[in-house]
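These protein sequence lines are chains G and R, in that order.
Here this note's numbering is used: the first residue of the first sequence is 1, the next is one more, and so on.
Here this note's numbering is used: the first residue of the second sequence is 1, the next is one more, and so on.
Even glycine gets a Cβ: it sits at the ideal position worked out from N, Cα and C.
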Amino acid sequence: MSLQIERLDCSLGKHRVLHDLSGLTARPGEITALIGPNGAGKSTLLKAIAGIESASGHILLAGERLDSLSLEQRSRRLYYLPQDTSTQAALSVFEAVLLARRTQVAEPAATALSAVERALKSLELEPLAERELVALSGGQRQRVAIAQAIVRRPALLMLDEPTSALDLHHQLQVLDYLQRLARREAMTVILAIHDLNLAARFADRLWVIKAGRQVASGTPGEVLTPARLRAVYAIDAHVEWPPDAPPRITPLSALRSLGA
Amino acid sequence: MKATTISPRASAPQTTADRYLSRRRRQHWLIALTAMATLTSLLIDIGTGPGAYPLLDVVKTLAMPSQASRVLQVVVWEIRLPVATMAIVVGASLAVAGAEMQTLLNNPLADPFTLGISSAASFGAALAIVLGFGVLPVAGTLLLTANAFALAMLASLMIWALSRLKGVSVQTMVLMGIAIMFFFNALLGMLQYVASAESLQQLVFWSLGSLNKASWGKVALAALALLATMPIFIRARWQLTALRLGETQAKSMGIDVGRLRLRMLLCCALLSATAVAFVGTIGFVGLVGPHIARLLVGEDQRVFLPMSALTGALILSVTSILSKTLIPGILLPIGILTALIGLPFFVSLILRSRKENWR
């Protein structure tokens with residue numbers, strides 16, 4: 001389902017975080033990476049789409065206005081995976097993933113159990129199925145959170161820094177999985193991500209925001225230019241586009257240094 | 001994990017769902033065992049007292065009252081059963097209220113006692129005992145109970161009202177509970193200061209907690225509060241479990257966290273106010289019961305909720321037996337015993353929660 005955003009504004013208390021975001025589109029079967037510096041409003045944008053933060057403007061999913069739906073109605077169509085997934089809940093991995101499924105659909109127990117098994121298998125979490133969440137490492141917890149997201153099979157899946165706690169192997173594995181999942185299920189996937197190399201490699205489209213304002217959107221080739229990286233991140237960077245290979249961004253130096 | 005040898009006759013390897021189902025079966029067995037232990041404790045509690053009766057006689061009198069002696073009938077059915085049942089109902093109520101308060105406020109130390117509900121009830125009782133003042137238009141023997149209930153409800157509603165304010169964090173709500181506790185303790189202290197020696201003695205006795213004034217009417221009212229709120233908690237079992245994953249993730253699962261917290265806190269308020277009003281201040285059951293349940297079956301509310309109720313009931317029932325048997329011939333106030341048992345547990349929880357860094 002295609003997502004469109006028009007004239008989106010969001011304030012947290014008296015602080016206006018998102019300013020009139022318009023013309024942002026994410027397509028089914030594709031990965032859209034949301035990039036920008038710290039405090040750009042990436043998490044707030046994803047939360048506003050999910051209905052967790054209240055916002056004004058139009059958010060359309062397959063032509064349907066999400067902003068007129070309740071939190072529960074939205075949760076049947078989309079899922080937002082927050083950046084911080086730490087918890088002290090005394091739940092096993094299997095129970096946690098089952099919980100994510102059960103809060104979405106009423107179905108026979110056997111169907112739910114099979115769905116959980118598939119989700120655990122796809123993220124190689126089977127050996128951890130009985131382990132309690134508190135006993136997991138940050139990276140394992142993050143993979144469980146991704147399993148909780150995919151077990152719901154949302155039309156729109158939004159993940160906030162889903163690879164921040166993962167080692168290199170699992171970063172590539174998870175993003176590759178999400179890419180195949182998006183293609184196979186015609187799922188619209190949006191990732192907020194800091195690693196520009198991973199964004200360039202796995203995303204079909206990028207949204208760039210800075211200080212709550214839209215800076216650019218388009219394919220990685222259109223968006224990731226040294227001039228834009230300079231404007232958005234205040235860095236000098238070398239961008240390389242080798243033929244038949246993912247682009248490589250090498251940060252060279254920060255334009256401003258911290259005071260000594 | 002130990003490697004398994006594969007033999008030609010070996011059965012198919014267990015899937016994750018199979019392993020989950022056996023975990024569920026274990027949880028159900030634990031619940032059944034705790035229920036049996038609670039029932040046994042209830043029977044022993046009935047048999048224990050100034051005149052001790054063998055368990056068999058108690059069971060016979062309960063099953064076939066007409067065939068028992070008149071004395072046994074009166075002792076079992078009219079004197080001891082209401083008290084023993086009250087221990088079960090109040091223990092379950094306090095533990096369920098504690099379990100849900102800990103879940104809703106995301107704090108392992110939340111319970112009706114630590115959030116000031118018991119202190120408020122004590123102040124209500126003091127108003128009746130010391131000043132003869134009734135908060136509700138009732139008189140006679142119900143004055144004290146009605147006052148305690150009204151003030152406990154007021155304290156709970158203060159926390160509940162605070163949770164309705166936008167932007168109030170759960171930490172603020174817990175701190176507010178602690179402030180309520182100090183506030184009502186100060187008011188109670190003031191009344192104790194001006195009370196006559198006789199009133200003071202009565203007030204101290206009430207605030208130490210006692211099951212002895214239980215009657216079938218009081219048991220029915222306390223049970224009614226439990227029976228009315230349990231289905232509400234059971235219906236919200238998935239939402240309550242999801243809340244333990246954090247507010248954002250729960251919202252992402254479509255749960256209106258604010259509304260859920262309001263509804264459930266109101267139920268907790270009713271449960272704890274009813275329990276405290278009938279038996280006085282009984283601390284730590286609402287704190288310790290849920291923690292034992294959590295250790296035994298985890299926090300999936302489908303099993304956590306009944307297990308909390310049962311552990312709370314079992315703790316108070318066993319304490320009731322101890323209160324009659326620790327010093328022969330003397331009935332110790334039950335609140336003292338629960339505090340003595342609960343205190344070491346409470347300290348260990350504080351130390352553990354520092355390590356685990358509850359968020």
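Item	Value
Any chain R beta carbon closer than 7 Å to P82 (chain G)	yes
Selection of the stretch 237-255 of chain R by Cβ proximity to chain G, strictly under 8 Å	W238, Q239, T241, A242, R244, L245, G246, T248, Q249, K251, S252, M253, G254, I255
Residue-level contact to chain G via CB, A68 (chain R), 7 Å cutoff	no
Runs of alpha helix (DSSP H) wholly within the stretch 37-92 of chain G (minimum 4 residues, chain order)	42-50, 71-75
Counted within 10 angstroms of its Cβ, other Cβ atoms place I31 (chain G) as buried (16 or more) or exposed	buried
At least 3 beta-carbon pairs within less than 8 Å: the stretch 214-229 of chain G vs the stretch 185-205 of chain G	yes
Beta-carbon contacts of S114 (chain G) that lie in its chain and below 7 Å, excluding the five residues immediately before and after	none
Residue closest to L261 (chain G), alpha-carbon to alpha-carbon, out of G:A216, G:R230, G:T25, G:A147	Chain G is shown from 1 up to 260; residue 261 (chain G) falls before or after that span and cannot be answered.
Short CB-CB distance (under 7 Å) between A273 (chain R) and chain G	no
Chain-ordered chain G contacts of R294 (chain R) [CB-CB under 9 Å]	A90
For T250 (chain G), the first and last residue of its enclosing beta strand (DSSP E)	248-254
Local Cβ density within 10 Å of V76 (chain R), reported as buried at 16 or more and exposed below that	buried
Separation of S156 (chain R) from I117 (chain R), as counted between CA atoms	6 Å
Nearest-angstrom Cα separation, counted from A242 (chain R) out to R101 (chain G)	11 Å
Sub-7 Å separation of L211 (chain R) and S320 (chain R) beta-carbons	yes
Strand pairing of I209 (chain G), partner residues [DSSP]	G:Q214
Residue nearest to P137 (chain R) in terms of C-alpha spacing, selected from R:I129, R:V130, R:A146	R:A146
Simplified DSSP assignment, three categories, for T229 (chain R)	helix
DSSP bridge partner residues for E126 (chain G) (one or two, in chain order)	In DSSP, E126 (chain G) forms no bridge with anything.
Anticipated Cβ contact below 8 Å, A339 (chain R) with L270 (chain R), distance rounded	So it is not a contact: roughly 24 Å between Cβ atoms.
Neighbour list for D300 (chain R) in chain G, Cβ cutoff strictly below 8 Å	L91, E95, L99
Simplified DSSP assignment, three categories, for L24 (chain G)	strand
M86 (chain R): first and last residue of the uninterrupted alpha helix (DSSP H) it sits in	81-104
Cβ pair A182 (chain G), V189 (chain G) closer than 7 Å	yes
Interface flag, I52 (chain G) vs chain R, CB-CB below 7 Å	yes
Which of helix, strand or coil DSSP assigns to Q4 (chain G)	strand
Buried or exposed by the 16-neighbour rule on C-beta atoms within 10 Å, applied to D300 (chain R)	buried
Buried versus exposed, by CB contacts within 10 Å (16 or more), I255 (chain R)	buried
Burial state of L314 (chain R), where buried means 16 or more other Cβ atoms lie within 10 Å	buried
Boundaries of the beta strand (DSSP E) in which I31 (chain G) is found, first to last residue	31-35
Limits of the alpha helix (DSSP H) - the one that L287 (chain R) falls within	285-297
Where T15 (chain R) meets chain G, residues with beta-carbon distance less than 7 Å	E117
Distance between beta carbons of I44 (chain R) and L115 (chain R), contact taken as under 8 Å	L115 (chain R) to I44 (chain R), Cβ: 32 Å. No contact.
Cβ separation of P50 (chain R) and A214 (chain R), assumed to be a contact under 8 Å, to the nearest whole Å	With 8 Å as the limit, P50 (chain R) and A214 (chain R) do not qualify as a contact, their Cβ atoms being about 17 Å apart.
Coil, strand or helix - I255 (chain R) by DSSP	coil
Sub-7 Å separation of T85 (chain G) and R141 (chain G) beta-carbons	yes
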